[in-house]
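Heads up, the thing below is written out as structure tokens.
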Amino acid sequence: MDVDPQLLLLRRQYLQLFEPDFLAWPSPKLLKNVDAQKWLHRHLFDTNRNPHLPPESYQLRVLKQLTSKMGKGKANLDSDGVLGELAACLTSLIAKKVSSEIKVFQENAYVTFTCIPEKRNDYEDTSEPTLTLLEKRQLVSGSQITGFRTWEGSLHLGSYLLTEAGSHFVNGKNILELGTGTGFNAILAGKHLHANHVTATDGDGGVIEALRENLTLNKIDDQQQVRARTLLWGQDLKGTWVEDGCRAHPYDIVLGADITYEKSAISALVLTLQSLFDMRPKLQVIISGVVRNAETFQTFRDQCASHHFVVEDIQFEAKPMRQQKSLFYAAAVPLKLLSITRP
Ligand SMILES: C[S@@+](CC[C@H](N)C(=O)[O-])C[C@H]1O[C@@H](n2cnc3c(N)ncnc32)[C@H](O)[C@@H]1O
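Residue numbers for the sequence shown follow my numbering, beginning at 16 and rising by one.
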């Protein structure tokens, strides 16, 4: 069945927990259509069909706005038919007292990202490629532990990897990711972009444990495909699992998203890159930088230069949010993509 693109867009934004006030709502005419209402119930709220829906507090916020936009007041909510099913969901969510608007930020939340390659728009209905992560969204920027939610830097890098130019860095390649966090790009590369192998690393043991759960959630149980390992920057990599990893999966590409934000960690990060270049001289490093502080980002570039790395900007602009069709992220803070090699 051909689904109206407005419905698909709403579903993608909803599953990624897009702020309800800014959702791209379908036209009022479409929202009143019975088939559209059926589809919305089936694909956004039916827990029997969708095991990893957003938190109930978020569902409630969206459903309140949706039913009000359908132009039905409370008087009609008991009527039979599809609106009846949506109304039943609304009643049940209200009864569960999940109305606290901020509660969503305190819960573990399933977040589903739709990952459509730039050149493709021919997926049928809900067969679109997705990946689902269990995130702890209450941890905000500035917190010591930042790896339990997916940041804009990852979504920017992922959007690039989904382009034709970006896919060449992943397709058939052996990849090591630094500071992987939830593992968004590692899972994207292994599940949808035909990487030969991905080793996803992070310095935080808790983040790695959560990542393993996210691998299972995405049915990636094969360590040959994607594996999770602890790697703290700045330590000597000789004689560690990384050396064995380089032999077992000779890495072609290192990915890193939003890992250049902490000035005190930059030297350690650059030392790790140096160590990796020593083991794999032809390596290409792709860094997605979120430039919250221009001086910190410049420190990273300067330290790369002092190690004689060649740092080049990759030309890739984030689209304004209203033009994004999947992988939604704000580009209010400048986002940079760098290619780093050692001649
Ligand atoms: C802002 S998060 C980015 C996570 C993910 N790449 C993303 O963009 O969603 C930074 C990640 O780097 C990791 N990290 C920070 N300092 C580190 C270090 N010294 N060694 C290894 N990982 C580190 C954190 O644990 C965290 O997962």
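Built from N, CA and C at the ideal position, the CB exists for glycine as well.
Using the rule of at least 16 other Cβ atoms within 10 Å of the residue's Cβ for burial, across every protein chain shown, is residue i buried or exposed?
i	result
leucine 247	exposed
glutamine 330	exposed
leucine 44	It is lysine, not leucine, that sits at residue 44 in the sequence shown. Lysine 44 is exposed by the Cβ-count criterion.
aspartate 61	exposed
glutamate 179	exposed
lysine 188	buried
threonine 245	exposed
alanine 320	exposed
glutamate 258	exposed
alanine 347	exposed
serine 174	buried
isoleucine 223	buried
histidine 56	buried
glycine 181	buried
arginine 135	exposed
serine 303	buried
alanine 102	buried
glycine 198	buried
alanine 110	exposed
arginine 64	exposed
Cα separation between residue i and residue j?
i	j	result
aspartate 17	leucine 177	24 Å
tyrosine 276	glycine 218	15 Å
isoleucine 131	asparagine 123	25 Å
aspartate 93	threonine 106	Model confidence at aspartate 93 stands at a pLDDT of 49, short of 50, so the residue's coordinates are unreliable and nothing is read from them.
leucine 230	proline 35	28 Å
leucine 284	histidine 264	21 Å
cysteine 104	tyrosine 73	13 Å
leucine 146	alanine 225	15 Å
tryptophan 256	arginine 242	12 Å
leucine 191	proline 69	30 Å
glycine 157	arginine 307	Here the model assigns glycine 157 a pLDDT of 43, short of 50, so the residue's position is not dependable and the matter cannot be decided.
histidine 322	serine 290	11 Å
phenylalanine 270	phenylalanine 312	Phenylalanine is not the amino acid found at residue 270; the sequence shown has leucine there. Using only the alpha carbons, I get a separation of about 17 Å.
valine 213	asparagine 186	11 Å
leucine 203	leucine 298	20 Å
isoleucine 355	leucine 38	37 Å
leucine 25	glutamine 339	12 Å
isoleucine 268	glutamine 238	18 Å
tryptophan 54	asparagine 48	10 Å
aspartate 328	leucine 350	11 Å
threonine 314	serine 279	10 Å
proline 358	valine 326	11 Å
glutamine 52	lysine 151	31 Å
glycine 2	aspartate 19	Any question about residue 2 goes unanswered here, given that the chain covers just 16 to 358.
asparagine 359	arginine 164	The structure shown does not extend to residue 359, since the chain is modelled only from 16 through 358, so no value can be given for it.
histidine 183	asparagine 200	14 Å
phenylalanine 324	asparagine 211	26 Å
methionine 336	phenylalanine 33	11 Å
glutamine 240	tyrosine 266	13 Å
arginine 5	glutamate 100	Because the chain spans 16 through 358 in this model, residue 5 falls outside it and cannot be assessed.
glutamate 133	serine 83	34 Å
alanine 345	arginine 27	15 Å
leucine 46	aspartate 293	58 Å
leucine 361	glutamate 71	With the chain running from 16 to 358 in the structure shown, residue 361 is simply not present.
Am I right that residue i and residue j are in contact with their C-beta atoms under 8 Å? What's the rounded C-beta distance?
i	j	result
proline 370	histidine 209	With the chain represented from 16 up to 358, any question about residue 370 goes unanswered, as that position is not in the structure.
aspartate 273	serine 169	6 Å
leucine 59	proline 41	About 12 Å separates the two Cβ atoms, so there is no contact after all.
histidine 161	threonine 195	Per the sequence shown, residue 161 should be read as threonine rather than histidine. Their Cβ separation, rounded to whole angstroms, is 12 Å, which puts threonine 161 and threonine 195 out of contact at 8 Å.
cysteine 261	arginine 316	No, cysteine 261 and arginine 316 are not in contact; Cβ-Cβ is about 26 Å, not under 8 Å.
phenylalanine 67	tyrosine 29	According to the sequence shown, residue 67 is histidine rather than phenylalanine. Not really, about 12 Å apart at Cβ, beyond 8 Å.
isoleucine 235	glycine 205	6 Å
methionine 85	leucine 98	7 Å
Less than 8 Å between the C-beta atoms of residue i and residue j, yes or no?
i	j	result
alanine 333	histidine 171	yes
tryptophan 166	valine 300	no
serine 341	threonine 129	yes
leucine 149	leucine 108	no
leucine 353	threonine 287	no
phenylalanine 343	glutamine 80	no
glutamine 250	isoleucine 281	no
Following a CB-centred definition, is residue i positioned closer than 7 Å to any heavy atom of ligand 3?
i	result
asparagine 189	Looking at this structure, you won't find ligand 3 anywhere; what it does contain is ligand 1.
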